[in-house]
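According to the numbering used here, the sequence shown holds residues 184 to 640 in order. Shown next, in structure tokens, is the structure this report addresses.
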Amino acid sequence: MDQTRLQQRLDELCETYVVPGATAAVLRDGVVTSAASGIANLSTGLPVRQDTLFAAGSITKVFTCSLLMTCVDEGLVGLDDHVTAYLPDFRVGDGDRSSRITVRMLLNHTCGLAANFMPAQRKGPHVLTEFVRLIEAHSVVGEPGGHWSYSNAGTVTAGAVIEAATGRTWDEALEERILRPLGLNATTDTDRMILQSTAVGHEVDPGATSAQRSDLFQIAPGMAPAGSTLFCDVHALIAFARMHLAGGVAADGRRVLSREATELMRARSVDTMWGFEQAEFGLGWHRRPTPAGPVVGHGGGNIGQISLLETLPDQQGALAVLTNGNQGALLVEALKTEVLQECFGVAPFVRPTPSGEQVEIDLEPFTGRYEAPHGTATVRVVDGHLQAEIEDEEMLARWYRTMRHPSPPAAKLIPTGEPGRFLAEYGPLFPYVPAEFREYENGSPTLFRYIASYERV
């Protein structure tokens with residue numbers, strides 16, 4: 184895909200999915216091809232440029248993991264140390280499960296901490312310490328290390344570990360250890376953002392044909408290590424990817440991470456969940472095994488902005504996409520599928536769908552109420568099938584309303600014929616989403632995994 188073709192597709196996809204602006208870059212055979220399209224801010228009419236900053240969103244988690252691995256390289260942190268070795272007051276719930284959480288579990292999302300927790304906090308030097316104190320009232324879902332469940336709170340806790348180990352705030356450590364050594368056009372400082380081209384988020388309401396500027400710029404500052412405050416341009420993501428593909432060495436030859444650290448981050452650490460495109464997780468990175476080699480990456484979102492970074496270590500390739508519309512996920516999915524297939528020979532992922540065959544199982548053992556810090560899942564039998572209904576925790580629900588982010592609908596669970604595995608009827612982007620029950624006691628499951636994990640009460 185040459186520059187002309189990339190520009191054409193980006194322009195077309197922005198128009199198709201009502202995304203005000205986007206940038207994209209492809210690293211292939213040592214050459215970067217890039218494009219920019221649309222408007223950075225509909226209120227000002229300023230165009231998107233290739234150096235326009237967009238929200239990195241949860242791609243920040245890979246930056247946070249890389250930052251923590253610099254501490255591991257220096258002997259400041261041990262991956263298998265308990266979190267309490269660095270945060271002596273760390274305690275979640277009754278403290279029993281949380282006392283067994285290790286640093287590695289924070290990075291591979293097996294810690295059991297909240298998937299989403301967005302407290303109302305003000306930005307400041309102690310915001311992460313306060314965040315960790317606030318999750319004391321939560322519970323740990325499942326046994327630490329027992330299963331993968333995406334955890335924003337776990338990554339924020341990793342940020343607090345970095346602060347304890349380095350004596351610097353997460354923002355300072357990120358700037359000094361990652362952003363500046365790589366020479367990235369990236370920052371967590373809003374004062375710097377306002378002095379250059381910076382995209383703001385936009386939303387499209389269901390059924391609408393035009394976007395509106397978002398009412399807020401960023402989500403909660405306490406979520407910074409997980410993805411709320413880092414903004415960067417598309418070339419910063421490619422340079423960050425190149426450092427990882429080069430075994431931790433920056434373009435100018437400076438070593439940022441050890442080769443061992445980069446290899447460990449992208450190696451399989453744990454399986455994620457049946458039916459997921461990214462079937463494995465390393466440290467910080469998602470992994471998708473394919474015949475063309477693993478695709479190692481992470482996506483992200485902030486208020487009205489969607490992002491993606493994919494790397495292909497076996498081919499020394501990468502794709503980065505940044506968008507400033509809440510329908511950017513549709514653009515990202517379409518462009519990712521095209522680029523990975525055309526440039527790197529990666530076939531599109533085939534999402535699981537119902538077989539159409541009638542599967543007869545006893546539904547009653549799955550019914551009940553399952554809870555997590557981020558909300559409640561109620562599973563009941565309705566008209567002869569299982570139905571799952573999610574009720575988000577109130578503070579999280581308020582953020583979702585602000586972001587025009589719909590809660591998962593009450594979903595019919597269709598049995599697949601494999602024990603404990605179902606497909607939930609979900610929505611237009613992903614018509615069916617995997618759902619899974621596991622960890623059985625007395626014939627009934629104690630864990631329900633649907634988008635996030637919930638534990639039977």
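Just so you know, even glycine gets a beta-carbon here, dropped at the ideal spot from N, CA and C. Everything numeric in this text was worked out from a predicted model, so none of it was measured.
Check	Outcome
Whole-angstrom distance between D212 and Q499, CA atom to CA atom	7 Å
First through last residue of the beta strand (DSSP E) which encompasses E554	G551 to A555
Bridge partners - K244, DSSP secondary structure assignment	BP columns for K244 are empty, so no partner.
V315 burial status per 10 Å Cβ neighbour count (16 or more: buried)	buried
Cβ-based burial, E346 [other Cβ within 10 Å; buried from 16]	buried
DSSP state of A507 mapped onto helix, strand, coil	Position check: residue 507 holds Asn in this sequence, whereas Ala was assumed. Here N507 sits in coil by DSSP.
Whether A343 touches L311 by CB criterion (8 Å)	yes
Local Cβ density within 10 Å of G325, reported as buried at 16 or more and exposed below that	buried
Residue of A298, P472, F414 and E601 minimising C-alpha distance to T543	Checking the sequence, you will find Glu at residue 543 rather than Thr. Looking at the Cα atoms, E601 is the closest of the given residues.
Same chain, Cβ closer than 7 Å to E460, neighbours up to 5 away in sequence not counted	R471 and F532
Residue of E386, E446 and H557 minimising C-alpha distance to A297	H557
With 16 other Cβ atoms within 10 Å as the buried cut-off, status of A394	buried
Helix, strand or coil at S641 according to DSSP, with G and I counted as helix	As displayed, the chain neither begins before 184 nor continues past 640, which places residue 641 out of reach and without an answer.
Beta-bridge pairing of H568 - partner residues as DSSP gives them	V565
As assigned by DSSP and simplified to three states, the class of T199	helix
Beta bridge counterpart(s) of T267 as assigned by DSSP	None, per the DSSP bridge assignment.
Supposed contact pair L251 and V245 - C-beta distance, whole angstroms, cut 8 Å	Not quite, the Cβ-Cβ distance comes to about 11 Å (not below 8 Å), so this is no contact.
Buried/exposed call for V640, threshold 16 Cβ in 10 Å	exposed
Under the three-state DSSP convention, the category G458 falls into	coil
Three CB pairs or more closer than 8 Å across the stretch 403 to 414 and the stretch 187 to 206	no
Helix, strand or coil at F464 [DSSP, three-state]	strand
Contact the stretch 510 to 530 vs the stretch 474 to 491: 3+ CB pairs below 8 Å	yes
Cα-Cα separation between N291 and P535, rounded to whole angstroms	24 Å
Delimiting residues of the alpha helix (DSSP H) encompassing E355	W353 to L357
Neighbourhood of S397 by C-beta distance below 7 Å, restricted to the same chain and skipping five residues each side	V383, G384, H385, E386, I486 and G487
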